[in-house]
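Going down the list, the sequences are from chains V and A.
Each residue of the first sequence is one higher than the one before, counting from 468 in our numbering.
Each residue of the second sequence is one higher than the one before, counting from 2 in our numbering.
First comes the structure, then the notes that go with it.
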Amino acid sequence: AQSVTQPDIHITVSEGASLELRCNYSYGATPYLFWYVQSPGQGLQLLLKYFSGDTLVQGIKGFEAEFKRSQSSFNLRKPSVHWSDAAEYFCAVGGDSNYQLIWGAGTKLIIKP
Amino acid sequence: DTGVSQDPRHKITKRGQNVTFRCDPISEHNRLYWYRQTLGQGPEFLTYFQNEAQLEKSRLLSDRFSAERPKGSFSTLEIQRTEQGDSAMYLCASSLPRLAGGPPRETQYFGPGTRLLVL
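Shown next, in the form of structure tokens:
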């Protein structure tokens, strides 16, 4: 079955600290992987995506993610978080012939001052 | 690039009423998607259009739900005889088509959503 698991419902980090959000997927074909961010009352904004090539991808707002096929993971990282990063983060997977995106349940990021 | 727009942003209705939402995709995008998102969950796929053709519907899309994209531009999602369980955020996204033999371009760009509350 195709699925995306984000094991952490909430994560709290101090402003300026590093961040890693976990994403594991189960997908029967070559996966395309995405991270989106959703702020309260806002739509989903694409942070970064992986289609092929370099497994370390850079995104907007200083985020990066690494695709590890052997671990079926696509974890999101940021070296130093800012208060404005507080939001909900969603990992999603799709495929070459699959227009549907399959989504994780999201991880809510809380920033401590 | 004006982005994906959705109207209305919020809708409160009474159980049993019909509601209709509109989505305007990014102008050069010929693919359009509808998703539903409930609190604490990721989006769930509802349906998908390529131009005016509705190519796939999720089993989540009951007979009370209908979506159209008559001219291949904007789309509407109608819910008939609304139920309290229909309360959710309805998200629209659009994307470019995949060119034969070309790299994938199916990044989906989302609108702000329509939040529906059924009383």
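Quick reminder that beta carbons are idealized off the backbone N, C-alpha and C, glycines included.
Source: prediction; values computed, not measured.
Excluding the 5 residues preceding and the 5 following residue i in the sequence, name in chain order all residues of the same chain whose CB lies nearer than 6 Å to its CB.
i, result
"Gly561/V", "Tyr499, Leu568"
"Pro474/V", "Arg489"
"Lys545/V", "Leu486, Gly529, Phe530"
"Gly526/V", "Leu514, Leu515"
"Gly483/V", "Ser547"
"Ala559/V", "Phe501, Leu568, Trp570"
Closest by CA to residue i, which one among the options?
i, options, result
"Ser76/A", "Gly43/A, Ser63/A, Gly112/A, Asp64/A", "Gly112/A"
"Gln512/V", "Arg82/A, Thr108/A, Arg70/A", "Thr108/A"
"Gln7/A", "Gly510/V, Ser506/V, Lys516/V, Lys535/V", "Gly510/V"
"Trp570/V", "Tyr503/V, Ile478/V, Glu482/V, Val480/V", "Tyr503/V"
"Phe557/V", "Trp550/V, Lys575/V, His549/V", "Lys575/V"
"Asp87/A", "Ser28/A, Leu97/A, Thr3/A, Gln18/A", "Gln18/A"
"Thr586/V", "Gln505/V, Ile476/V, Gly520/V, Ile478/V", "This structure cannot speak to residue 586/V, because chain V is shown only from 468 to 580."
"Ser551/V", "Ser506/V, Phe501/V, Asn491/V, Phe518/V", "Ser506/V"
So, helix, strand or coil for residue i, using DSSP?
i, result
"Gln18/A", "coil"
"Asp87/A", "helix"
"Val119/A", "strand"
"Asp25/A", "strand"
"Val5/A", "coil"
"Ser74/A", "coil"
"Thr574/V", "strand"
"Glu107/A", "coil"
"Glu69/A", "strand"
Mind checking whether residue i and residue j have CB atoms under 8 Å apart?
i, j, result
"Ala89/A", "Leu117/A", "yes"
"Gly43/A", "Gly573/V", "yes"
"Val20/A", "Thr14/A", "yes"
"Phe46/A", "Ser67/A", "no"
"Glu533/V", "Asn542/V", "yes"
"Ser493/V", "Ser547/V", "no"
"Arg37/A", "Leu120/A", "no"
"His477/V", "Ile578/V", "no"
"Thr83/A", "Pro9/A", "no"
Keeping to the same chain, check which residues put their C-beta closer than 8 Å to that of residue i; ignore five residues upstream and five downstream.
i, result
"Asn52/A", "Asn31, Arg70, Gly73"
Can you give me the Cβ contacts of residue i inside the same chain, cut-off strictly under 7 Å, excluding the 5 residues immediately before and after it?
i, result
"Gly508/V", "none"
"Asn491/V", "Thr472, Ser539, Ser540"
Discussion item. Which complete alpha helix (DSSP H) runs does the stretch 479-560 of chain V hold, if anything under 4 residues is left out?
Written reply: none
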